[in-house]
Amino acid sequence: MDLPFIQLEPATIPIPIDWDAVESWLGLHLPADYKALATDHGPLFIGDWLWLQTPCAEPGSFDYGAWLKETHKLCRARSKEAPPHTPPPPFHPKRGGLLAWGETRSASYLFWDTAASTDPDQWPVVVMDSDAVDNGLNPWHNYHMPVSELIAAAVSTGVPLPSNQQLGPLPPTAQRSRFLLDAGPWTPPPPARRAATPKKTRLTALKQGTGLATLRLLVPPPATPYLGDGNWDQLFDELGTQLPTDYIELVDTYGAGCWSEWLNFVTPLRTNGHGFVHHAKETLDGYADLRAQYPEFQPLAVWPEPGGFLPFANTVEGDVLGWLTQGSPDEWPLIVYPRHAKQGPPLQDPLVDTLLAWLRGRLDTAGFPSQDDDALLERIQFEPGNEESPC
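When you line the sequence shown up against full-length UniProt numbering, it's residues 1 to 391, in that order.
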């Protein structure tokens, strides 16, 4: 498919796309105009502002499936912050959910409304505007036009954004996304195998019980948890300390991954320089810099200082969960370093019971949004990590 209103430069070799495999994995047929653009041109950077993402992969840089999941997770979390705090729209893979196809340099994200029609060519483009969230405005807007028309409008006249800004008019140029110059075909991952647990059993675990045995009933763990290619002793040697037993048991059971599209446990045992220590150091270096400038807002000591904060998980909004390293590892209290609130006190419960309290909607602490009672069980989930996971 050509874009007569856009100068494509430079010419690139298209990336092969197995549309049957992609659409089978999605459980949806995609709009013809988008498939034509993706087939003919691959991922595009339009007008030096808008990325059109397509099914492709570049090791260490981009994976189409991972991008979809991260984008949906981020936008669901961000939209919860916008008054009047109504539940955000459903996202794919839920039936009729929004399905992402693009993003902009100003952190606006573009979706199809797959509930609008049984004909994908009639799916309108919907935008989630992060600037609107920051300004306390409703971040969602339906353009009532398909992808190709939206791109044409963004280039020719510009289109409104919920933040009262404009997307465009954009320069009439498009080129292969710079960070995907060496991208190749994307292969959909195999379906995840999950242990089947009767709904009645999960409902019981939602209401009562403590510890890892209860968590396993509420959220069945993956058959093959992914922790990385190293081992705990290697990590302990690198850290110079052991870690709390309940954390080790939890991660041995579930591996790295994301809880309820919000809380990410980093991959602890990677040996490629991106394991537990890397993520902890990256977080703490940033914290120490902020503490030097604003000590009243960053009051915690940082590991390896005595009693220092040692992080192991983070939310999609940048809140950080970790320990205060006081006493032996099994005595370390949990604490949340919240991104958008003042520092609170240590948490009272151990890790697994804290996780259970949050999943049940009973945890009241900054950084962990309250869970809506409506359809709570359906939203409680764990998305296991793998070798391609970014953290």
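Note that beta-carbon positions come from the ideal geometry of N, C-alpha and C, so glycine has one too.
Since we're looking at a predicted model, the values are computed, not measured.
Where the beta strand (DSSP E) through residue i begins and ends
| i | result |
| --- | --- |
| I335 | 334-337 |
| S156 | Premise fails: S156 lies in the alpha helix (DSSP H), 147-156, not in any beta strand (DSSP E). |
| C258 | 257-259 |
| S108 | 108-113 |
| A100 | 98-104 |
| E383 | 382-384 |
| W51 | 50-52 |
Own chain partners of residue i with C-beta closer than 8 Å, once the 5 adjacent residues on each side are dropped
| i | result |
| --- | --- |
| S108 | V127, M128, D129, S130, D131, L161, L167 |
| L68 | H92, L99, A100 |
| S24 | P188 |
| Y226 | G255, A256, G257, T267, P384, G385, N386, E387, S389 |
| L377 | K199, R202, L203, L206 |
| A195 | Residue confidence is low: A195 scores 48 on pLDDT, short of 50, so the model does not pin down where it sits. Its coordinate-derived value is still stated next. So the qualifying residues of the chain are P220, P221, A223. |
| D252 | P225, L227 |
| I46 | I6, L52, I151, A154, V155, L170, T173, A174 |
| T114 | L28, H92, G96, G97, L98, L99, P120, W123 |
Closest residue to residue i among the options (Cα-Cα distance)
| i | options | result |
| --- | --- | --- |
| S106 | T224, Y247, L50, W123 | L50 |
| L137 | W123, Q165, Y143, T241 | Q165 |
| Q208 | A357, K199, Q53 | A357 |
| P306 | L324, L290, N272 | L324 |
| L44 | W101, E238, A341 | W101 |
| S117 | R95, A152, N135 | R95 |
| F312 | H340, A292, G275 | G275 |
| T283 | R270, H41, P171, R339 | R339 |
| P139 | P295, Y294, P89, L28 | P89 |
| A57 | V159, L334, I46, I17 | I17 |
| G97 | F111, E103, P84 | F111 |
| L30 | H41, I13, Q122 | Q122 |
| L181 | G42, G230, S328, V147 | G42 |
| E261 | L52, Q53, F368 | F368 |
| P59 | T104, W186, T39 | W186 |
| D349 | P191, L26, S163, T210 | T210 |
| N272 | T71, Q234, R76, Y294 | Q234 |
| N264 | G240, Q381, G327 | Q381 |
| P190 | P295, R76, L26 | L26 |
Identified DSSP bridge partners for residue i
| i | result |
| --- | --- |
| Q166 | P160 |
| V133 | Per DSSP, none; premise fails for V133. |
| D63 | A57 |
| R176 | L44 |
| L310 | W323 |
| H141 | V127 |
| T263 | Note that residue 263 is Leu in the sequence shown here, rather than Thr. DSSP lists W259, T315 as partners of L263. |
| V302 | F309 |
| residue 401 | Missing from the structure shown is residue 401; the chain here goes from 1 to 391 and no further. |
| F91 | L98 |
Inter-residue CB distance, residue i and residue j (contact presumed, cutoff 8 Å)
| i | j | result |
| --- | --- | --- |
| P244 | D330 | 5 Å |
| V320 | A366 | The Cβ separation is near 11 Å, so there is no contact. |
| I15 | A183 | 6 Å |
| L28 | P120 | 7 Å |
| P171 | N142 | Not quite, the Cβ-Cβ distance comes to about 26 Å (not below 8 Å), so this is no contact. |
| R270 | D237 | R270 to D237, Cβ: 15 Å. No contact. |
| S177 | D33 | That pair is no contact at about 19 Å. |
| L52 | L215 | Incorrect: roughly 40 Å between the Cβ atoms, too far for contact. |
Beta-carbon proximity list for residue i, same chain, < 7 Å, skipping 5 on both sides
| i | result |
| --- | --- |
| E388 | D63, A66 |
| L217 | T197, T201, R202, A205 |
| L74 | V316 |
| E81 | V133 |
| W19 | K35 |
| V302 | L284, Y287, A288, G308, F309 |
| D374 | Bear in mind that a pLDDT of 48 at D374, under 50, signals an unreliable position, so the number given afterwards is only what the model happens to contain. Around D374: no qualifying Cβ. |
| R360 | L206 |
| R362 | none |
| L212 | E249, L250, T253, V352 |
Own chain partners of residue i with C-beta closer than 6 Å, once the 5 adjacent residues on each side are dropped
| i | result |
| --- | --- |
| V22 | P55 |
| Y247 | L351 |
| L290 | Q298 |
| P83 | G136 |
| G322 | F309, L310, P311, F312 |
| T104 | W49, L50 |
| N314 | N264, V320 |
| Q343 | P299 |
Continuous alpha helix (DSSP H) stretch holding residue i: start and end
| i | result |
| --- | --- |
| Q234 | 232-239 |
| Y254 | 245-254 |
| R360 | Taken as a continuous stretch (DSSP letters only), R360 belongs to no alpha helix (DSSP H), as it is neither H nor E. |
| W186 | Note, W186: premise wrong, no alpha helix (DSSP H); not H, not E. |
| E378 | 376-379 |
| L284 | 276-293 |
| D20 | 19-26 |
| T201 | 199-207 |
8 Å Cβ cutoff, residue i in contact with chain D
| i | result |
| --- | --- |
| I15 | Here chain D cannot be found, since the structure has a single protein chain. |
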